[in-house]
Every structure is written in C-alpha cells, then in structure tokens.
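Here the structure comes first, spelled out in structure tokens, and everything after it is commentary.
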Amino acid sequence: MREFEYLEPTSVQEACKMLVDHQDDCRMIAGGTALMLAMRQRMLSPAYLIALGKIRKLRGVSYDEKFGLHIGPLTLHAEVARSKLIGDKFPMLAEMAAHVANPQVRNQGTIGGNLCYADPATDPPSCLMALDARVVLEGVGRQRELSIEEFLVDYYTTALEPDEIVTEIRVPPASFTSGRHVRFLRTAAEHRPLVNVAITVTQAGGVCQGARVVVGASTPVPTRGRRCETFLAGKRVTADVAAEAAHILASDIEPISDMRGAGDYRRKMIEVVSRRSLQDLFDVQNAAEDVTL
Ligand SMILES: Cc1cc2nc3c(=O)[nH]c(=O)nc-3n(C[C@H](O)[C@H](O)[C@H](O)COP(=O)(O)OP(=O)(O)OC[C@H]3O[C@@H](n4cnc5c(N)ncnc54)[C@H](O)[C@@H]3O)c2cc1C
Numbered sequence: 005m006r007e008f009e010y011l012e013p014t015s016v017q018e019a020c021k022m023l024v025d026h027q028d029d030c031r032m033i034a035g036g037t038a039l040m041l042a043m044r045q046r047m048l049s050p051a052y053l054i055a056l057g058k059i060r061k062l063r064g065v066s067y068d069e070k071f072g073l074h075i076g077p078l079t080l081h082a083e084v085a086r087s088k089l090i091g092d093k094f095p096m097l098a099e100m101a102a103h104v105a106n107p108q109v110r111n112q113g114t115i116g117g118n119l120c121y122a123d124p125a126t127d128p129p130s131c132l133m134a135l136d137a138r139v140v141l142e143g144v145g146r147q148r149e150l151s152i153e154e155f156l157v158d159y160y161t162t163a164l165e166p167d168e169i170v171t172e173i174r175v176p177p178a179s180f181t182s183g184r185h186v187r188f189l190r191t192a193a194e195h196r197p198l199v200n201v202a203i204t205v206t207q208a209g210g211v212c213q214g215a216r217v218v219v220g221a222s223t224p225v226p227t228r229g230r231r232c233e234t235f236l237a238g239k240r241v242t243a244d245v246a247a248e249a250a251h252i253l254a255s256d257i258e259p260i261s262d263m264r265g266a267g268d269y270r271r272k273m274i275e276v277v278s279r280r281s282l283q284d285l286f287d288v289q290n291a292a293e294d295v296t297l
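To get our numbering, take the position in the sequence shown, counting from 1, and add 4.
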C-alpha cells in the first residue's frame, strides 16, 4: 500500500478545504471498512487520508416531531441497530442495521460510509429510500439536501461534488403505518444481500391506502416499484393481491447478473421476498407458496 499522510480535521469546513487542496490525491475515511480494502487491493492509492472521526458534528442520533430523525453519518451500523430512538420510531431501520454484514463490520462501518461508497450490494440505501430519507451535503461555504434517489447516481457513484461531505441523514416523521426491510442471502455463509426489498405501507382494516416499495442489491442503485405501488393503492390486500403485486414488482426490475447470482434468480427472489413481506405487513394468512427457496 502506498504511504499516505493522515489528516484529522475537527470541523466540516476544514475537511472541505482539505478536499479542495488535495483533490484527486485524497480520500475521506470514516470506519475504513470499504476504503482500506480498496487501498489494499491498490484500486485506490491516495496520498492523503482525511479522517472524519474528530468532527463531532457528524455523530449522534436525535429526533424532532416536526423534522423527524437526524442520523450523523459517522453512526455505526451497530449504533443504528441498538438505538432505542430508532427502534421506537423506525423499527425497520434498526432491524435492517442489525443484519448488515457481520459484528466486526457493524462495529466499524458507518451508515454514511455505506451510502457514500455506493456499492450496490448493500442494505441501508433501499431501506432509507422506502423511508423517504434525505441526505445533507456540505461543501466549501454551502449546503444542499438531496433525496436518496438523487444522491445515488450509479455503481459506486454519488452526486457528491469533489469538495462535499455528507453531514446528515434525515428521515421525515413516519407517515406510514408499518414497514419492513427484508434481505435474501444466497447462502447463510454470505454477508452481503443477493436482493433486498423495503416496503412501507399505510393501511386501514386490511386496505392499502399507499405504499413505497423499493428493491435493493439487484440494480446499480435501488429501484422504486412505482407500478406495484399504484397497483396496491386502494386495494384490500389478500394473498392473491400480494402475489400479483410481487409479480408486477419483479417484472419491472432489470436485475444485474454477477458473481452473487444471475439476473433471473434475483428476479425470482425479489418476487418471493416482496410477496412474503406484503403478506406479513397485511397479516395475510394461508397464502399459497409457489416458489421454494
Ligand atoms: C465483509 C463485509 C461484508 C459486508 N456486508 C454488508 C452487508 O451485508 N450489507 C451492507 O449494507 N453492507 C455491507 N458491507 C459494506 C459496509 O456496510 C460498508 O463497508 C461500510 O458501511 C462503509 O462504512 P465505513 O465507515 O467503513 O466507510 P469508509 O470505508 O471509511 O468509506 C467508504 C467511502 O465513503 C466515503 N465517505 C465516508 N464517509 C463519508 C462522508 N460522511 N461524506 C462523504 N464521503 C464519505 C469515503 O471517502 C470512502 O470513499 C460489508 C462490508 C464488508 C467488508
């Protein structure tokens, strides 16, 4: 690994100025679980590492009735998983974080690093998209806010400008009644998801009044199932409706094929996982099981 200088800014603006000063020759580091692997494999060889760890503003979790949940990007997956605040307000987010990777990665990797690396085989992006979360970015002397859809651009590509840092993840107060994030791994020995599906629904008496359905780990960036959402709106969700909604969702996704699995296999699993999630969310009993895992 190339030798590098380790810089430790104590404010966001100081870090942004370092990004401007060192440009392509530097990288920010949070937990380092993704970056150090890339450096060891010589995919990246920065001369300067800008460590974000001493910027206090990037830590912490809080909730405001008007604006919702604030998550500092340096929050570890394990902290998201065990936060009582997150567990109370957004149980699907805490549950998702509890299943990311393995204990070592959960105790070192941050939610901000996860989003900024933009690896498709990850869990928080789809979950945060279903929760309608937004990302706050700060550059030299300016700040802007983007939806997760706007932030995640392509494989390993975000909307971050060269001088920008993610300083906050915001989740608006829940306007839905329940939600689930479910991931499917090809084998129990794997850490990363083959597919995941995140769904939030507003329901009354078994009728779906609205839904946000997002498929992750299957396309370069998570994909909203808008036709599935429209299909569900206003319907009493039975086993047949859940199955049809899942079929629509799986048909509309163009899944990637990679070393984790073929596109067709992913499509089948998207259908299975989303059907079961909908059955679960609407407490649908005795549903037909037409695909064996
Ligand atoms: C063995 C293994 C298994 C894994 N399994 C899963 C899994 O099942 N599900 C899953 O979701 N993920 C999984 N991951 C990915 C893991 O979640 C990420 O590696 C981790 O969250 C990255 O966070 P970090 O703090 O370590 O980021 P770092 O490695 O420090 O940084 C990653 C990138 O983000 C940039 N960055 C970091 N913070 C900021 C910021 N605030 N603003 C701007 N840029 C920033 C860095 O410059 C760098 O380019 C796995 C990783 C490993 C190694």
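Don't be surprised by glycine CBs; every beta carbon is placed ideally from N, CA and C.
Going by beta-carbon coordinates alone, are residue i and residue j separated by less than 8 Å?
i	j	result
Val241	Val288	yes
Val140	Arg187	no
Arg279	Ala237	no
Arg270	Val170	no
Lys58	Glu12	yes
Phe155	Thr161	no
Ala286	Gly210	Correcting the residue type first, residue 286 is Phe in the shown sequence and not Ala. For Phe286 and Gly210, yes; Cβs fall inside 8 Å.
Ile115	Ile152	no
Leu80	Val65	no
Gly35	Gly113	yes
Asn106	Ala82	no
Residue i by DSSP, collapsed to three states: which one?
i	result
His26	helix
Thr296	With a pLDDT of 48 at Thr296, under the threshold of 50, the modelled position of this residue cannot be trusted, and the question is left open.
Glu69	coil
Gln147	strand
Gly116	helix
Ala102	helix
Ser278	helix
Gln283	helix
Tyr269	helix
Glu18	helix
Ile203	strand
Arg44	helix
Asp256	helix
Met263	coil
Asp158	strand
Val218	strand
Val225	coil
Thr304	This structure cannot speak to residue 304, because the chain is shown only from 5 to 297.
Gly3	In the structure as shown, the chain starts at 5 and stops at 297, and residue 3 therefore has no counterpart that could be examined.
Ile152	helix
Gln108	helix
Val186	strand
Thr251	The question names Thr, yet the displayed sequence has His at residue 251. Residue state, collapsed to three classes: helix.
Ala371	Only positions 5 to 297 of the chain appear in the structure, and residue 371 is not among them; the question remains open.
Glu12	coil
Ala246	helix
Please determine, among the options, the residue with the shortest C-alpha to C-alpha distance to residue i.
i	options	result
Pro50	Tyr10, Gly64 and Leu56	Tyr10
Ala134	Glu149, Asp92 and Thr206	Thr206
Tyr4	Leu73, Asp284, Val24 and Ile260	Absent from the model: residue 4. The displayed extent of the chain is 5 to 297, so no value can be given.
Leu39	Gly117, Asp29, Leu97 and Gln108	Gly117
Pro128	His103, Leu150 and Glu149	His103
Phe8	Phe235, Leu48 and Ala193	Leu48
Asp167	Arg6, Thr14, Arg44 and Arg31	Arg31
Thr223	Pro124, Ala34 and Asp268	Pro124
Pro176	Leu97, Gly229, Asp136 and Asp244	Asp136
Val277	Val201, Asp262, Thr227 and Lys239	Val201
Asp28	Ala193, Gly35, Tyr52 and Arg190	Tyr52
Thr191	Gly229, Ala98 and Met273	Met273
Asp262	Ser15, Arg196, Glu149 and Arg6	Arg196
Met43	Asp244, Glu69 and Met5	Met5
Glu302	Gly113, Thr126, Glu172 and Val157	Residue 302 cannot be examined here, being either before or after the span of the chain that is shown, 5 to 297.
Gly72	Asp92, Ala247, Ile54 and Gln17	Asp92
Ala122	Ala243, Pro226 and Pro107	Pro226
Ala221	Met96, Gly267 and Asp68	Gly267
If you measure from the beta carbon of residue i to each beta carbon in chain B, is any gap under 8 Å?
i	result
Ile59	No chain B appears in this structure, which consists of one protein chain only.
Quick test of your reading: residue i and residue j, contact by CB under 8 Å. State the CB separation rounded to the nearest angstrom.
i	j	result
Ile252	Arg231	5 Å
Asp284	Arg184	6 Å
Met100	Cys131	4 Å
Val84	Thr37	No, Val84 and Thr37 are not in contact; Cβ-Cβ is about 15 Å, not under 8 Å.
Val245	Glu233	About 13 Å separates the two Cβ atoms, so there is no contact after all.
Ala55	Ile33	5 Å
Val144	Lys239	Going by Cβ atoms, the distance from Val144 to Lys239 rounds to 50 Å, so no, they are not a contact pair.
Can you list the residues near ligand 1, meaning Cβ strictly closer than 5 Å to any non-hydrogen atom, in the order they appear in the chain?
-> Arg31, Met32, Ile33, Ala34, Gly35, Gly36, Thr37, Ala38, Leu39, Pro77, Val104, Ala105, Val109, Gly113, Thr114, Gly116, Gly117, Asn118, Cys120, Tyr121, Thr126, Asp127, Ile169, Val170, His195 and Arg196
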